[in-house]
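These notes concern the structure reproduced below.
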Amino acid sequence: MPCLHDDPADMRPKSTLPTPTMKPSFPRSRVNHRFHVAPTDFARSCLANWIPPFVVTPELEALNLLKREWKAQAQSTDLPVGDDYNTHTCMIIADLYDFEVYQTPSPNRDSRNFELICLHQLDVPQRKQLSLNGFLCLGSVNIYVEGVSIQHCAVEGYADDESPEVTIYIQTQMASKDREFDVWFRVKRPNQYYKRFHEPFLCVAQLAKHALDYMEDMPPKTVSLENFREDFIRWVARRYPQNLRLQAWHALLNNRSDLRVDVNAYILYLHREAHGLPNAKALLKHPLWNECIIVGEESLAFKKQPKVAEHTLATPHVYDCWNHMYFSYVMKSMPMSADVEALQRRRKRSLGFAETVSTGSHKQPHCRPYGSLPVQVGDVVSFYPNEQDTSIWKGTKAAQIAKTAKTAKTEWFAYVQGTQTMMDGNQKLDVVWMYQPHDTTISIAKYSFPNELFFSDHCNCGDPKLLSSQIRGKHNIDWCPRSISPNTAFFVRQTYLTDSSFVTFKHEHKTCVCKKSTAPPSDKYRLGDTVYAKRRIDGKDVLNPVVFQGFNATRTHVNVRILLRLRLDCAELTEQVERTGSVADNELVLTNDCEYLPVSKIQRRCHIRFVKRGHEVPFPYNRGGAGDLWFISMGIVFRDNHRRLVYLMRLPKHFNEGDDMTSLQGSALLRGLSIFSGGGNFDRGLEEGGAVDFRYSVDMAPWAIHTQYANAKDRSNLYLYYGSVDDYMKIALSGVAHELVARVGDVHFIAAGSPCPGFSSLQQNPLDEKSCINASHITTLCSAVDLYRPSYAVLENVVAMAFTKTGREDQNILSHLVACFVSMGYQVNQYIMDSWNYGSGQRRSRVLVSIAAPGLDPIVQPWHTHSQPLGKEKALSLGELSNGQRFGQREAYPTPFASLSAHTITWDLPNIGNGNIQTCPSHPDHRVSIQPNRKKRALIKCIPRQPPGCGYSYSHTRGLIPLSLQVRGKEKGKSFTRIEALGLIPTITTGLSIQDSYNGANLHWSQDRPITLLEARRAQGYSDDEPIIGDLGRQYTVVGNGVDRKVAFAQGLALRQAVMSNLWKGGQDMLVDVEDEDDGLSDATVDDSVIDVHDPPSSTPAPPAQLGAETNLADLHERAAEKSSSRPRLDGLSDLRDSSSAIAVPKTTFFLDRMPATVTRALNDLSFRSQQSIPVSKRSRDEESALHSETDTHFLGEVVASRKRLKSRDTTALASFEGDMIEVRTDGEHSKTKTKTRQTRHSGLNIAFTPQLWNRRPEREYSAEESDL
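Next comes the structure, spelled out in structure tokens:
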């Protein structure tokens, strides 16, 4: 087989064949068949042993032959007689067959010499020298040319209303200089190897024709990228109704109606084509070009704001919290103007923040000894801990290194909730511990109010009692003061929960959980609620949705109605209802079967929405199970001993349907500000949760700002500030009116992801000026929160932000961030969110810090919906507490779905080989951001595909890499490493580097190339239809710089839950009795309509059996007003019919006349939620695991007696509680028992850090018998 020379300059002489006696018949050319030549990236003429099919005719001679032939047939009507653009020359058009186009070899640029290339890249992104080989045919002249340099490529077909197709012409450099004739080559058929380059080009050229014709037809200066969402394809369909060739072209685009990504991908080519048309002046005035950033700053759609601020600006309070940090030299304090401060104070009062009176030197609050007086319930007392206590609470390791830990003479504080007088007059005290700032996750961070104490949920009920003889005295406490000062008495604003979160203090917190009555399980669920039941399948715990039907007589078991998963349990039955399309993972099937399960099997709530035939699956129930959201449209019945699927007309009487999750309306919808927003992936994910609408955004990258604008759902209400956040804060603090800068009171929610390079482990020098500037911008969020006082805010950043650095033990970033927010009076929660636990196929872990204004329901950490991947994830936490225990750990517990693999989220993408074509009409962003040169491509071919995850190190060790391809210094590390198909895609960063030893695992598992932009987008959760602005490198940066959309969406749902809970506080909980469930599947009838299960373009495509998207272009012009014209339909009618009358679905059983109807509908689920004594800012899943454990009750060892010490117990020795001793846990609720042992995370309950191994996805783990439940 011929091979490619390493150096084209050293190619062997090429032999030629004698002139044939007979000219070849066209369009088929004669090819040498002695060798089988595999598809190649290079022109055939550069291959060794290449033998041209005919004698190579020099270009000058070829042109002369064509001229003579034209003159000989000058009278023929088949030949053109003139040039419309140049009347002084005659046009000659010769047909070009069996051609190939490649980059012209150059001695100064040999990395791309002879590489095949698409014609639309001739001038994109810059001018290239291209050449062609092929046959020229004109009349009786048939000649073969090689190495002909291309000067122009022209497209014919613009403004043609008759045909949707285009014709391509090429003019060579020599022909362009001819003064007598205007010679062009009309492109016909490429050779078999260049076909894969030419066909995508034709598709792009046709897109350019339609796009530019559309722009010409529209009013001047009106066409933006938004026009290509739906209007463009409808216009095309109306222009060429029922045109089969147009439909064939549209099929190459996957029948998509939204072509914004296509236009953005080929915008430079469209711009070049527009320049060459007679109406270029009008075309280039449309805003489309500026929105897509064609060239330079002058083409931007947004004006860059002037750079004025030279420091990281901070409010005085924020500056005081951070002015001792290593990056403080780049910070500067800026006070608010009088007007702004007045607005801020009014905002603080409206949200219930305490007013800070003054600052000054701290004075130790006075302690009053009791003397002979008894200790009373309600007193706050202090005492000195003994040596045993201080040996446990000795401060964090960082505090010990920094020599700031308080030990021997540090007071401990406690609230007395009960007393018992002994015979000797001494008193035993039941207390709830009160923490000082350094006892919490604030640790040794600088805190503005040393006289602030934090109530806790940690009592001494399970410990030896505190004696009154050990008490120093009593302290006066200012509970929930309206004004605070650091030099006054102790005050309490918040309760510190032992799962590392701060919540607003309430007086009911003064009674510990141990002394409160436990609600029976019957109060937690009502008849018809949908919940998860835990099942043991192949040694793994998996959650399955069921319908709650009631308890048995002893209340130890629950009766549930079985639901099946359509894709898993009934896939073979889908043909009965002609469900030939794909099936979503979260589609369920109703059954008539019920079973009794132990109470411990019931885990938490889930939400199931009913979808009729002919209706779309509503958002967000079409997200593959994200947020524990499912949908149901069919049931299963038995006929003639066979299972059959039937469509449902309605749900059974006692089936509580999931809420309508449409966005909140009116004043319930929070107005958001996003800083460091990047491409807006975080913002849009939060918005999809339905509780926030982002109105303001700040970023200094033009491609990021333009990406946000391109994907905005309401451009008229989005104010994008293209500039520095420091200049934005300067304007906001000064109160200067600026249309792009929000005023105090305009912002209810803030989202931020401060520059992660400041804390990333990838940075080389964290102390240089650039890194310090990046790190200092963590304070910008604090200043924005201090200024605007939003109801909620969320920060996302790398987990390394929580790590304590050697030499800077007293400067932990996360601790200072928490201290700053808590000092403002905000409720604070902090936790790790791993993207794979929320339906992402990426290995990406981030720390999220969420805050809530006083009294509001905090944002809880979302439940995992997807399991840990193959047990490979290591233990991870956010830090260490003063007692030596870890907090904010990575968690592992049963989930309804398995984690998604790299293959799962990309299975539908076409094979593009090594990615050298760089054009994929069906998926425009399926392109590599950096094209490897020929040497790197040859090296990639040497990396084995099996075993999974091979890289350069593996291949070099086994001698698989030739000496000529070896790279020095890459023998160790992850250079040129393939991603594991069944594993996760490594963290998407801001740049792709396949030879990076640390982050080089970016090669495709089965194709010899790096991952494409689209694969990176899907890993980050970007929807396929969202355009990302900029060149390929900038687009990849925008993708890698964002927050995983799946994580953002889960956080958005959690925000929605908190907002809805706040709204519900104004309503009344009206419980009604329900009848016994007696209606089965027979009550659900079948109608003749068709379910339209629409799954919008998503970053995670459905596996092969899931729903696809299809558009009938032929009918678009008739259905232009129908928005669902491009959506897929589940066709098929059941042959079963139920003649019984339809029973309406029960309406909501409560009414809130003070709220809009949309709000009351969404509050349906919350109406039956039992209230808890202490608000939970992070669900204590450890308690749930303990209460639901099925092991026998026993304890290992003897609990060490210590007043404030957190006890340690083995998770394998936890008790199982039945009957009235258990509280079945619901969303946002703690599980409680009547034991005296406090079972919280820091009471010693260890997290199962190592995830269970999942050999198979849950969808594959059901046995045939179980599917018949």
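182 is the number of the first residue of the sequence shown in my numbering; add one for each residue after it.
Yeah, the Cβ is synthetic: ideal placement off N, Cα and C, and Gly gets one too.
Quiz item: Can you give the Cα-Cα distance for residue 838 and residue 791, rounded to whole angstroms?
Solution: 7 Å
Next on the checklist: Quick check: the Cα distance between residue 974 and residue 1031, rounded to an integer number of angstroms?
Outcome noted: 6 Å
query = Where do the N-terminal and C-terminal ends of the beta strand (DSSP E) with residue 495 fall, by residue?
reply = 493 to 495
key: Whole-angstrom distance between residue 1177 and residue 1121, CA atom to CA atom   = 14 Å
Pairwise C-alpha distance: residue 875 and residue 372 = If I take the Cα positions, the gap works out to 52 Å.
**Message:** With a threshold of 6 Å on Cβ separation, who are the neighbours of residue 1002 within its own chain once the five nearest residues in sequence on each side are excluded?
**Reply:** 1009, 1032
* Asked: Starting from residue 563 and walking both ways along the beta strand (DSSP E), at which residues does that stretch end?
  -> 561 to 564
Compare the beta carbon distance of residue 1169 and residue 1049 with 8 Å and say whether it is the shorter of the two.
no
Can the beta-carbon of residue 344 be found less than 8 Å from the beta-carbon of residue 331?
no
Does DSSP put residue 1340 in a helix, a strand or coil? Reliability fails at residue 1340, whose pLDDT of 39 lies under 50, so the model's placement of it is uncertain and the value that follows must be treated cautiously. Of the three classes helix, strand and coil, the one that applies to residue 1340 here is helix, per DSSP.
Q) Going by beta carbon distance, what residues of the same chain come within less than 6 Å of residue 930, once the five residues before and after it are set aside? A) 851, 853, 873, 971, 973
Give, in chain order, every unbroken run of the alpha helix (DSSP H) that is at least 4 residues long and sits entirely within the stretch 959 to 987.
959 to 969
Exercise. In angstroms, rounded to a whole number, what distance separates the CA positions of residue 984 and residue 1061?
Worked result: If you draw a straight line from the Cα of residue 984 to the Cα of residue 1061, it is about 10 Å long.
Open item on the list: Contact defined as beta carbons within less than 8 Å: I believe residue 413 pairs with residue 440. What is the distance between those atoms, to the nearest angstrom?
Closed with: About 6 Å separates the Cβ atoms of residue 413 and residue 440, confirming a contact at the 8 Å cut-off.
(request) Give me the Cα-Cα distance between residue 284 and residue 416, rounded to the nearest whole angstrom. (result) Cα-Cα distance, rounded: 37 Å.
Would you tell me roughly how many angstroms separate the C-alpha atoms of residue 919 and residue 688, rounded to the nearest one? 44 Å
Classification of residue 819 by the beta-carbon crowding that lies within 10 angstroms, buried from 16 upward:
exposed
Rounded C-alpha distance that separates residue 722 from residue 715: 6 Å
By the 10 Å Cβ neighbour count, where 16 or more other Cβ atoms means buried, how is residue 287 classified, buried or exposed? exposed
**Message:** Quick test of your reading: residue 639 and residue 692, contact by CB under 8 Å. State the CB separation rounded to the nearest angstrom.
**Reply:** The Cβ separation is near 13 Å, so there is no contact.
- request: Buried or exposed for residue 1045, please, with buried defined as at least 16 other CB atoms from any protein chain shown within 10 angstroms of its CB.
  value: buried
Residue 905 and residue 878: beta carbons closer than 8 Å?
no
Where residue 696 falls: helix, strand or coil (DSSP): Residue 696 falls in the helix class under three-state DSSP.
| How long is the line joining the alpha carbons of residue 1199 and residue 1165, rounded to whole angstroms? | 12 Å
Leaving out five residues on either side along the sequence, give the residues of the same chain with a beta carbon under 7 Å from the beta carbon of residue 836. Answer for residue 836: 709, 728, listed in chain order.
Burial state of residue 510 (16 or more Cβ within 10 Å): exposed
Short check: CB of residue 474 to CB of residue 1088, under 8 Å?
no
Note to self: I'd like the list of long-range same chain contacts for residue 597, defined as Cβ closer than 8 Å, with 5 residues on each side in sequence excluded.
What the structure shows: Around residue 597, the same chain offers 556, 557, 558, 559, 560, 561, 562, 610, 611, 612 as residues with beta carbons nearer than 8 Å, after the five sequence neighbours per side are excluded.
- Expressed to the nearest angstrom, what Euclidean distance is found between the alpha-carbon atoms of residue 409 and residue 834? 45 Å
Span of the beta strand (DSSP E) around residue 1221 = Element bounds for residue 1221: not the beta strand (DSSP E) but the alpha helix (DSSP H), 1213 to 1221.
> Taking Cβ to Cβ, would you say residue 656 is nearer than 8 Å to residue 548?
Replying inline: yes
Considering only the alpha carbon of each residue, which of 1137, 1187, 1179, 1151 lies closest to residue 1159? 1187
message: Across the stretch 420 to 440 and the stretch 1090 to 1097, are there enough close Cβ pairs to call them in contact, namely three or more that are closer than 8 Å?
response: Flag = no, the stretch 420 to 440 and the stretch 1090 to 1097 do not touch.
Handout entry: Residue from 909, 711, 761, 355 with nearest C-alpha to residue 769
Key = 711
task = Could you check the C-alpha separation between residue 824 and residue 755 for me, to the nearest Å?
result = Answer to the nearest angstrom: the Cα atoms are 11 Å apart.
**Report entry** Alpha-carbon to alpha-carbon, residue 652 and residue 642
**Finding:** 18 Å
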